[in-house]
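In this note's numbering, the protein residues as written are 393 to 1247. Yeah, the Cβ is synthetic: ideal placement off N, Cα and C, and Gly gets one too. The structure appears right after this line, and notes come after that.
Shown next, in the form of structure tokens:
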């Protein structure tokens, strides 16, 4: 490409419009044209060496054209040049690409200048790179102006950021152009979120000082834009987006106009005065409260000027004792004439001491006679004004009518110490009187007795007939006890169906005290055993009575109550409707029970529990499964009988963790058997307690254990006792159905001994009935037991249920059961409960006869 063509390209780069083709002799003309332009122009070959520079370049850089010929294109760069920009220029030259950007260069004298540089590659007709054309524009002044403007804007932003007020700059359409952080905090959104929003945006709501909501045209910025005038000191309430309460601010706003007089901005500043506003509102409320107190107070103000002996009694003072204002002679002695005679001396004593002691106030209670003759209890408060030497000058005060308070105190005392249902003293009152009785016994060496009375089966009656009938029964019981104790105030209701009679003066002879307590106890048994009329029906209820004697050696109310309670439970254990005395053997039994409970907790924690398996067989002697039975191998007690620790576990709710452990262990055993051909078909029956089944998450517990152990649900059979069916049958059915849906089976244990009804039996999703061993034991000798066994077998057949008999101990029993259709058995005839390893070792695919298993 000729020099003329390059110059033409350079001119095109400068002028941005086509230049017509020129003959070669026009090179000089083009060179002069380039020298005439204000931008610097450099031409470089493909090797990036400079081949030409115009005059403007020399003016900008200080270098002559001769000085730069042959130099590399980067010779103007220096220490302040941005390395990234330099790298971008080199990359463009290397790849033959264009470059357009701002770069810091250095003149010949070393002074820096900002160069707005454009580099364009030139190519021949075949597209080969022939030259680079560089256009330089000195942008130093513009950059300095931009920097100054940026610095000014930065100072402006820093200024408004440090102003302790919110500042918002709006455009002519109320759009937010700028806001400081304080404004964002007050308005409840971020600065970025504010940008561009209009004044009427729904992000926030504004209120007038009186609490009325502002319309958008009433907003401070709207007023400035509409009036084109300054607004000052407008109180505005702001409801922020988070609904965190109203912020109160003082707003000022002013307009800004451009050079043509057009309104370009509206600037609004606002200062948070929420604290001042709240203080003002609090003061207003305080003044209002004071006014209401003065107008509506039920107290009676009075005033006595001791210098003049003038006395003022307010209208309320007269009203309090039933008189018209000033209907009695008014002087400093009036109060004495209407004060209860028993209180006058005490009032004068308190008042006199307050005046002489230098006290500033006093208060006391006394009674004033009402016009109708009764006395009104009052609380008088007096405030004494004294001179510089402390002499009393004036006494002002109020009288407060205590009638309601006294009644309330009586009601509170009644609620605190008496049972609202029966009117009898409650547990708190019993504790107080029992402490006094023990102290009297110690002082006078007297004997006493405590009778603890609990109604038998009250919960069942309450649940069956309803709580209203239960309350009727308790009130009648209280009345009969009151009659039995000859109206003694030492009769108490502890709560529920528990009552206590305290006998605190039974002489000094223990046997006579016991006889007196026994006589009263028998009287109570007879009285409470009579029928009760509840509505239209007669009901019977009997008590269990525990008696604890006490004397001067007895220490502690709690221990005495515990003794009586233990005796009562012994009476219940004897069948109820009886009386028992506490003695040392009872305490020993309780101590044993507590120790056993502690050991049971430790045993569960220390893995002392064991599972034994008792075989269940079919009519051919084939083992079809086993019942899981819990055993406790205690390190010191040895093998603890289930009959001893299972009831304890039920009473202490330890049956819940025990039951979960048994279920998990059985499922783990089933999962292991699944891989053994001889054991895989077997099922395991696991007993479930009523407490365990009534747990709200019982279904989830079972399903979780099955999932975690991998046991087959169809091999698990849960045995439920009939006692479980005593309450909430619908919940039981729901839980059984949920588990049965997953394959779990159910057997009703001890059938015929509990609470079953045919209606329940029909609804329950059972798989099996289990004939209780009490019927099987005498099935060959007792016709009644034989009949019951036949009925159960027939009933199971009619309901489509399997039946299994437990407690089968001899061949004759098995043959009788088989002859009547019972084809599954469990008992000593086929094997005692045994450890898992022993049970597994006996199981083979072959049919087992009764003699194959250990008896």
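Rounded C-beta distance between residue i and residue j? I'm assuming under 8 Å.
i	j	result
residue 818	residue 691	About 35 Å; that fails the 8 Å criterion.
residue 773	residue 753	7 Å
residue 639	residue 632	7 Å
residue 935	residue 845	5 Å
residue 359	residue 1194	Absent from the model: residue 359. The displayed extent of the chain is 393 to 1247, so no value can be given.
residue 794	residue 770	6 Å
residue 1196	residue 1165	Actually they do not touch by this definition, with Cβ atoms about 11 Å apart.
residue 1214	residue 1180	Residue 1214 to residue 1180, Cβ: 12 Å. No contact.
residue 826	residue 931	Rounded, the Cβ-Cβ distance is 32 Å, inconsistent with contact.
residue 1248	residue 909	Beyond the ends of the chain as shown, which are 393 and 1247, falls residue 1248; an answer cannot be given.
Return the chain-ordered list of same chain residues with a C-beta closer than 7 Å to the C-beta of residue i, the five sequence neighbours on each side being excluded.
i	result
residue 1081	1042, 1047, 1051
residue 728	736
residue 1228	1003, 1005, 1061
residue 1071	1065, 1232, 1235
residue 1059	1097, 1098, 1101, 1103, 1108
residue 831	none
residue 464	440, 441
residue 798	769
residue 508	494, 529, 531
residue 764	714
residue 560	568, 571, 575, 660
Counting along the chain, where does the alpha helix (DSSP H) carrying residue i start and finish?
i	result
residue 1059	1047-1065
residue 604	It is not in any alpha helix (DSSP H) - residue 604 carries neither H nor E in the DSSP assignment.
residue 585	583-586
residue 1090	1090-1101
residue 1079	Residue 1079 -> not in any alpha helix (DSSP H); beta strand (DSSP E) instead, spanning 1075-1080.
residue 619	612-619
residue 745	733-748
Which stretch, first to last residue, makes up the beta strand (DSSP E) that contains residue i?
i	result
residue 656	655-664
residue 647	638-649
residue 846	840-847
residue 767	767-778
residue 1216	1216-1218
residue 494	491-498
residue 693	692-697
residue 512	504-515
residue 786	784-793
residue 935	935-942
Excluding five sequence neighbours on each side, which residues of the same chain lie with their C-beta closer than 6 Å to the C-beta of residue i?
i	result
residue 415	Interpretation of residue 415 is limited by its pLDDT of 49, a score under 50 that renders its predicted location unreliable; the figure taken from the coordinates is listed afterwards. Excluding positions up to five away in sequence, the list is empty.
residue 473	496
residue 1212	1182, 1185
residue 348	Given that the chain is displayed from residue 393 to residue 1247, the structure contains no residue 348 and the question cannot be resolved.
residue 510	492, 527
residue 1244	Because residue 1244 carries a pLDDT of 48, less than 50, the predicted location of this residue cannot be relied on, and the following value inherits that uncertainty. The answer is none, since no qualifying residue turns up.
residue 695	704, 788
residue 413	Note on residue 413: pLDDT 43, under 50, position unreliable in the model; the coordinate value appears next. Closer than 6 Å at the Cβ level, and outside the excluded window around residue 413, lies no residue.
residue 558	574, 575, 578, 662
In chain order, what residues of the same chain lie with their CB nearer than 8 Å to the CB of residue i, ignoring the 5 residues before and after it?
i	result
residue 839	833, 898, 899, 900, 901, 902, 904, 905, 941, 942, 943
residue 478	466, 469, 495
residue 1027	1000
residue 738	756, 758
residue 1239	In this predicted model, residue 1239 has a pLDDT of only 40, less than 50, meaning its place in the structure is not dependable; the value taken from the coordinates is given anyway. Closer than 8 Å at the Cβ level, and outside the excluded window around residue 1239, lie 1012, 1013, 1014.
residue 804	none
Determine, using beta carbons only, whether residue i comes closer than 8 Å to chain B.
i	result
residue 673	Among the chains of the structure shown, chain B does not appear; only one protein chain is present.
**Message:** I'd like the ranges of any alpha helix (DSSP H) spanning at least 4 consecutive residues and lying wholly in the region 428-488.
**Reply:** 447-453, 457-460, 475-487
**Item:** At least three beta-carbon pairs within less than 8 Å, the region 1220-1229 to the region 1192-1201
**Value:** yes
**Message:** Using a Cβ distance threshold of 8 Å, determine whether the region 1009-1024 contacts the region 968-975, with at least three qualifying pairs required.
**Reply:** no
**Message:** Can you confirm whether the region 553-570 touches the region 606-625 when touching is taken to mean that 3 or more C-beta pairs between the two stretches lie within less than 8 Å?
**Reply:** yes
**Prompt:** Would you say the region 423-443 touches the region 523-533, given that touching needs at least three Cβ pairs under 8 Å?
**Reply:** yes
**Message:** Check whether the region 1137-1144 and the region 1099-1117 are in contact - that is, three or more C-beta pairs closer than 8 Å.
**Reply:** yes
**Message:** Quick check: the region 891-903 against the region 817-832, are at least 3 beta-carbon pairs closer than 8 Å?
**Reply:** yes
**Request:** Could you tell me which uninterrupted beta strand (DSSP E) segments, each at least 3 residues in length, are contained entirely in the region 1123-1163, listed from first to last along the chain?
**Result:** 1137-1143, 1160-1163
**Request:** Could you say if the region 952-968 and the region 866-876 meet the contact criterion of at least three C-beta pairs nearer than 8 Å?
**Result:** no
**Message:** Check whether the region 653-671 and the region 569-580 are in contact - that is, three or more C-beta pairs closer than 8 Å.
**Reply:** yes
**Message:** Does the contact criterion of 3 or more C-beta pairs under 8 Å hold for the region 796-813 versus the region 918-933?
**Reply:** no
**Request:** At 3 residues or longer, and completely inside the region 530-593: list those beta strand (DSSP E) runs for me, N to C.
**Result:** 558-562, 568-571
**Request:** Give, in chain order, every unbroken run of the beta strand (DSSP E) that is at least 3 residues long and sits entirely within the region 997-1021.
**Result:** 1001-1010
**Item:** Start-end ranges of the beta strand (DSSP E) lying completely within the region 862-902, minimum 3 residues
**Value:** 883-887, 890-895
**Prompt:** Should the region 444-455 be regarded as contacting the region 538-556, the criterion being three or more beta carbon pairs within less than 8 Å?
**Reply:** no
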